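To keep things clear, I will list the structure first and then write my remarks on it.
Listed below in structure tokens is the structure:
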């Protein structure tokens with residue numbers, strides 16, 4: 001899911017960001033409303049079929065799911081244990097379909113186009129006190145810094161592993177929190193120094 | 001021209017800079033000093049990221065305490081860690097960020113993005129995710145993100161600290177070619193040998209100030 005835009009000229013790349021985002025929202029809603037394993041499986045295959053349409057290899061689709069395999073296994077085991085095998089398959093398949101769908105949108109849409117579209121959409125909420133530019137900046141920063149925080153997590157884990165503390169949640173969480181706060185300070189200065197008007 | 005009039009900066013009880021008075025006019029100025037000497041605070045004073053506790057900083061007639069926004073437009077700032085300076089997920093979006101904030105037109109943004117990427121042979125990185133760049137590429141993108149805003153002065157806080165030798169040289173060449181006044185805070189003494197002026201900050205004050213050869217020698221003696 002950390003893979004961002006993958007440049008291309010396919011039909012899906014050229015489709016309006018607004019249409020893609022609305023389709024994603026509609027698709028996700030329908031996936032949640034639907035209770036049938038068969039339809040969920042068909043929808044997952046349908047979404048997978050869109051990857052070649054976007055000229056993205058299926059390995060790219062697999063790469064979106066790979067980091068979440070442990071979570072899938074956990075969900076599957078819990079649902080199977082407490083409910084049934086069918087429900088376990090349904091829950092995991094639905095989650096995979098949602099992730100594949102969201103990834104397809106981010107892989108075929110520049111984040112700036114998504115953000116511009118969101119900003120335009122959110123302008124209608126201005127009377128309710130929503131600041132579209134601030135929301136857009138927050139989303140951009142989240143997209144930008146998820147990989148940075150992932151890298152920091154790896155560094156902190158490795159540092160604590162050397163000291164035999166890799167299983168201590170506090171030993172990993174505390175340095176991470178401190179570094180995240182320091183980064184937040186620096187980013188705030190960087191945004192200020194590049195003329196952002198808050 | 002940058003003027004510091006009797007500038008002091010304190011954080012609580014701790015005095016970081018003490019009654020500093022300087023006039024900066026040279027094209028290439030380096031600021032060196034030990035860790036914690038106050039040199040990064042000095043750099044941050046120059047574009048209003050830090051404000052004096054007493055005294056005043058004037059950049060081309062703009063007082064940093066009163067005209068912070070105008071000052072930041074005039075003085076670009078390159079941070080030590082480009083990862084904390086690149087705020088957008090994709091290279092061209094990050095380059096556009098500052099220009100959009102300053103109200104540049106779409107055509108200007110596109111033209112300046114093309115020009116800066118071509119200047120540093122990075123045109124192929126236009127749509128590259130920022131987190132997948134190498135250290136040297138990130139630093140050049142961070143510098144580019146500042147340069148496209150057309151600052152009159154560029155302040156750099158340890159721009160080569162996190163780089164390997166090849167990338168240090170790449171950044172040094174890029175800095176050397178800039179037409180702007182550049183003020184570099186650094187530990188990298190090789191970077192500043194051909195600068196016009198070097199200032200050593202120590203214990204919140206100016207320990208030495210002058211041409212590189214003699215000031216670097218004085219600094220090395222101080223650190224011995």
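Chains as they are written, first to last, in UniProt numbering: chain A, 1 to 198; chain B, 1 to 224. The C-beta atom is built at its ideal place from N, Cα and C for all residues, glycine as well. If you're wondering where the values come from, they're calculated on a predicted model, not measured in any experiment.
Query, Result
"Tell me, please, which residues DSSP counts as bridged to residue 30(B).", "184(B), 198(B)"
"Spell out whether any CB of chain B is found under 7 Å from the CB atom of residue 191(A).", "yes"
"Using 7 Å as the limit for Cβ to Cβ distance, is residue 116(A) near chain B?", "no"
"Residue 58(B) bridges to which residues according to DSSP?", "3(B), 63(B)"
"For residue 23(B), tell me which candidate among 9(B), 74(B), 120(B), 58(B) has the shortest Cα-Cα distance.", "58(B)"
"Could you tell me how far apart the beta carbons of residue 172(A) and residue 157(A) are, in whole angstroms, since I believe they sit closer than 8 Å?", "6 Å"
"Give the interface partners of residue 148(A) over in chain B, defined as CB-CB distance under 7 Å, in chain order.", "83, 131"
"If you compare alpha carbons, which of 9(A), 13(A), 58(A), 17(A) is closest to residue 121(A)?", "17(A)"
"Between residue 87(B) and chain A, is there a C-beta pair that is closer than 7 Å?", "yes"
"Is the CB-CB distance between residue 95(B) and residue 145(B) below 7 Å?", "yes"
"Kindly indicate the opening and closing residues of the beta strand (DSSP E) around residue 8(A).", "Per DSSP, residue 8(A) belongs to no beta strand (DSSP E) and is neither H nor E."
"How close, in whole Å, do the beta carbons of residue 54(A) and residue 4(A) come, if the pair is a contact with beta carbons under 8 Å?", "Going by Cβ atoms, the distance from residue 54(A) to residue 4(A) rounds to 14 Å, so no, they are not a contact pair."
"Verify the CB distance criterion: does residue 72(B) have a CB-CB separation below 7 Å to chain A?", "yes"
"So which residues of chain A does residue 207(B) contact, with C-beta pairs closer than 9 Å?", "Residues of chain A passing the Cβ test: none, with the nearest at roughly 27 Å."
"What distance in whole Å lies between the Cβ atoms of residue 31(A) and residue 49(A), which are believed to be in contact at a cut-off of 8 Å?", "With 8 Å as the limit, residue 49(A) and residue 31(A) do not qualify as a contact, their Cβ atoms being about 16 Å apart."
"Any chance you could list the alpha helix (DSSP H) runs of at least 4 consecutive residues sitting entirely within the stretch 46-80 of chain A, in chain order?", "58-65"
"Hey, is residue 101(B)'s beta-carbon within less than 7 Å of any beta-carbon in chain A?", "yes"
"Cutting at 6 Å between CB atoms, please list the residues of its own chain near residue 28(B), excluding the five before and the five after it.", "182, 195, 196"
"Taking beta-carbon pairs under 8 Å, can you tell me which members of the stretch 91-113 of chain A lie near chain B?", "110, 111, 112"
"Going along the chain, which residues of the stretch 128-142 of chain A sit with their C-beta nearer than 7 Å to a C-beta in chain B?", "140, 141"
"Can you find the residues in the same chain that come closer than 7 Å, C-beta to C-beta, to residue 208(A), ignoring five residues on each side of it along the sequence?", "Nothing about residue 208(A) can be reported from this structure: the residues present for chain A run from 1 to 198 only."
"What distance in whole Å lies between the Cβ atoms of residue 148(B) and residue 99(B), which are believed to be in contact at a cut-off of 8 Å?", "6 Å"
"Between which two residues does the beta strand (DSSP E) carrying residue 153(B) extend?", "153-157"
"Within 10 angstroms of the Cβ of residue 158(B), are there 16 or more other Cβ atoms? Answer buried if so, exposed if not.", "buried"
"Please go through the same chain and pick out, in chain order, the residues whose beta-carbon is closer than 8 Å to the beta-carbon of residue 99(A), but skip the five residues on each side of it.", "1, 64, 65, 68"
"Counting only runs of 3+ residues fully inside the stretch 61-95 of chain B, write out the beta strand (DSSP E) ranges in chain order.", "75-78"
"Could you give the distance in angstroms between the alpha-carbon of residue 220(B) and the alpha-carbon of residue 49(B)?", "30 Å"
"Residues of chain B with CB closer than 7 Å to the CB of residue 195(A), please, in chain order.", "72, 73, 98, 101, 102, 149"
"Looking at the C-beta of residue 26(B), does it have a partner C-beta in chain A at a distance below 7 Å?", "no"
"Would you mind stating whether residue 16(B) and residue 52(B) have Cβ atoms separated by less than 7 Å?", "no"
"Rounded to the nearest angstrom, how far is the Cβ of residue 141(B) from that of residue 133(B), given a contact under 8 Å?", "6 Å"
"On the DSSP bridge assignment, give the partners of residue 8(B) in chain order.", "54(B)"
"Nearest chain C C-beta to residue 77(B) closer than 7 Å, yes or no?", "Going by chain labels, chain C is absent from the structure shown, which instead holds the protein chains A and B."
"Compare the Cα-Cα distances from residue 197(A) to each of 72(B), 106(B), 14(B), 34(B) and report the closest residue.", "72(B)"
"Taking only beta-carbon positions, decide if residue 158(B) is within less than 7 Å of chain A.", "no"
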